[in-house]
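Novice:
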Amino acid sequence: DQQVKQNSPSLSVQEGRISILNCDYTNSMFDYFLWYKKYPAEGPTFLISISSIKDKNEDGRFTVFLNKSAKHLSLHIVPSQPGDSAVYFCAARGNSGGSNYKLTFGKGTLLTVNP
Amino acid sequence: NAGVTQTPKFQVLKTGQSMTLQCAQDMNHEYMSWYRQDPGMGLRLIHYSVGAGITDQGEVPNGYNVSRSTTEDFPLRLLSAAPSQTSVYFCASSLFITDTQYFGPGTRLTVL
Numbered sequence: 002d003q004q005v006k007q008n009s010p011s012l013s014v015q016e017g018r019i020s021i022l023n024c025d026y027t028n029s030m031f032d033y034f035l036w037y038k039k040y041p042a043e044g045p046t047f048l049i050s051i052s053s054i055k056d057k058n059e060d061g062r063f064t065v066f067l068n069k070s071a072k073h074l075s076l077h078i079v080p081s082q083p084g085d086s087a088v089y090f091c092a093a094r095g096n097s098g099g100s101n102y103k104l105t106f107g108k109g110t111l112l113t114v115n116p
Numbered sequence: 053n054a055g056v057t058q059t060p061k062f063q064v065l066k067t068g069q070s071m072t073l074q075c076a077q078d079m080n081h082e083y084m085s086w087y088r089q090d091p092g093m094g095l096r097l098i099h100y101s102v103g104a105g106i107t108d109q110g111e112v113p114n115g116y117n118v119s120r121s122t123t124e125d126f127p128l129r130l131l132s133a134a135p136s137q138t139s140v141y142f143c144a145s146s147l148f149i150t151d152t153q154y155f156g157p158g159t160r161l162t163v164l
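Residue numbers (our numbering), protein chains in the order written: chain A, 2 to 116; chain B, 53 to 164.
1) Going along the chain, which residues of its own chain have a beta-carbon closer than 8 Å to the beta-carbon of A/P83, five neighbours each way excluded?
2) Shorter than 8 Å from the beta carbon of A/K103 to some beta carbon of chain B?
3) Please identify, using Cβ separations under 8 Å, the residues of the region 63 to 91 of chain A that lie next to chain B, in order along the chain.
4) By a C-beta neighbour count over all protein chains shown, 10 Å radius and 16 as the cutoff for buried, is B/S146 buried or exposed?
5) Name, in chain order, the residues that DSSP records as bridge partners for B/M71.
6) How about A/S53 and A/Y26: do their beta carbons lie closer than 8 Å?
7) Taking 8 Å as the cut-off, does the region 118 to 130 of chain B touch the region 71 to 87 of chain B (at least 3 CB pairs, one atom from each stretch)?
8) If contacts are defined as beta-carbon pairs under 8 Å, then B/L95 and B/Q89 qualify, I think. What distance do you get, rounded to the angstrom?
9) Kindly indicate if chain A contains any beta-carbon less than 8 Å away from that of B/T152.
10) B/A76: buried (16+ other C-beta within 10 angstroms of its C-beta) or exposed?
11) To which residues does DSSP link B/M84 through a beta bridge?
12) If distances are taken between C-alpha atoms only, which option among B/Y154, B/T107, B/F148 and B/V140 comes closest to B/Q63?
13) Of the residues B/Y87, B/G110, B/Q153 and B/S121, which one's Cα is nearest the Cα of B/R160?
14) Looking only at its own chain, which residues have a Cβ that is under 6 Å from the Cβ of A/S75, when we skip the five neighbours before and after it?
15) Report the residue from A/D56, A/P10, A/K55 and A/K38 whose alpha carbon sits nearest the alpha carbon of A/I78.
16) Can you give the Cα-Cα distance for A/L12 and A/V88, rounded to whole angstroms?
17) Going by the DSSP bridge assignment, what does A/S75 pair with across the sheet?
18) Reducing DSSP to helix, strand and coil, say where B/Q63 ends up.
19) Taking 8 Å as the threshold (C-beta atoms), are A/G109 and A/F90 in contact?
20) Where does A/D85 fall in DSSP's three states?
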């Protein structure tokens, strides 16, 4: 049972345009969401996060939107740059303590930004 | 700070062999965890630890053992390697379980 779903295995965009990566979740106990970025042969690195009390969080070119009623979040990258080409993982966790704090990851989306 | 370090970077094992993947962090983090990444499967939690002397199972613990005798180290032991354990293994740490996790560079393991 996949609780965090990234339904697009890959996405290709032109440099300078917007990249939109999507993530859906099924567990209503999740209340904190993160995006990690991973380059080949490296470990994932934290990119941006959002708490369920917010619907938007911005950090430079990266913005995450959360729609709790739809159990959907998205990562917007504007403008996209070739260096953004990587696999992006969506992750989620709960807040009620113990094992609910563990991160659950989606399968990832490979973003390719073409010059 | 070296952050999270993992050794070895690459390893090839034969079915039935045992080995230990090493993970160390120098950030005084309480929470450490092991994930495996398989093609099309994302990152799946194997085992985790919320502090020295405390470990618990994640989503896919079978065939793996862990211990946490110090804050800095969290080794992952494969008891009897199987081809299904061919994967890339990542260790991660954070100050507490609710904090952002920092990942190591990974160990690519092949079991023949």
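For every residue, glycine included, the Cβ atom is placed at its ideal position computed from N, Cα and C.
Computed from a predicted model, the values in this text were never measured in an experiment.
Specialist: Result, derived from the coordinates:
1) Against the first sequence, residue 83 of chain A aligns to sequence position 82. So the qualifying residues of the chain are E16, V114, N115 and P116.
2) By 1-based counting over the first sequence, the position of residue 103 of chain A is 102. Closer than 8 Å: yes.
3) F90
4) Reading the second sequence from its first residue, position 94 is the one you call residue 146 of chain B. Classification for B/S146: buried.
5) Taking the first residue of the second sequence as 1, we reach residue 71 of chain B at position 19. According to DSSP, which records beta bridges pairwise, B/M71 is partnered with B/L130.
6) Locating residue 53 of chain A in the first sequence gives position 52, counting from the first residue. Locating residue 26 of chain A in the first sequence gives position 25, counting from the first residue. Contact flag unset, no.
7) yes
8) Residue 95 of chain B sits at position 43 when you count from the first residue of the second sequence. Residue 89 of chain B sits at position 37 when you count from the first residue of the second sequence. Correct: roughly 5 Å between the Cβ atoms.
9) Mapped onto the second sequence, residue 152 of chain B falls at position 100. Residue-level contact check: B/T152 touches chain A, since one or more beta carbons of chain A fall below 8 Å from its beta carbon.
10) On the second sequence, residue 76 of chain B is found 24 positions in, with the first residue counted as 1. It counts as buried.
11) Residue numbering aside, residue 84 of chain B sits at position 32 when the second sequence is read from its first letter. In the DSSP output, where bridge partners are listed per residue, B/M84 has B/S101 and B/S145.
12) The count along the second sequence starts at 1 and reaches residue 63 of chain B at position 11. Nearest C-alpha to B/Q63: B/V140.
13) Position 108 of the second sequence, counting from 1, holds the residue named residue 160 of chain B. The shortest C-alpha separation from B/R160 is found at B/Y87.
14) In the first sequence, the residue the question calls residue 75 of chain A occupies position 74. Only I21, N23 and F66 meet the Cβ criterion.
15) Mapped onto the first sequence, residue 78 of chain A falls at position 77. For A/I78, the nearest C-alpha among the options comes from A/K38.
16) What you label residue 12 of chain A is simply residue 11 of the first sequence in a count that begins at 1. What you label residue 88 of chain A is simply residue 87 of the first sequence in a count that begins at 1. Using only the alpha carbons, I get a separation of about 10 Å.
17) Residue mapping note: residue 75 of chain A aligns to position 74 of the first sequence, counting from 1. Answer by DSSP bridge pairing, in chain order: A/N23 and A/F66.
18) Translated into the one-based positions of the second sequence, residue 63 of chain B becomes position 11. Of the three classes helix, strand and coil, the one that applies to B/Q63 here is strand, per DSSP.
19) Locating residue 90 of chain A in the first sequence gives position 89, where the first residue counts as 1. Locating residue 109 of chain A in the first sequence gives position 108, where the first residue counts as 1. Yes. Within cutoff.
20) For the purposes of this step, residue 85 of chain A is taken as the residue at position 84 of the first sequence. Helix at A/D85.
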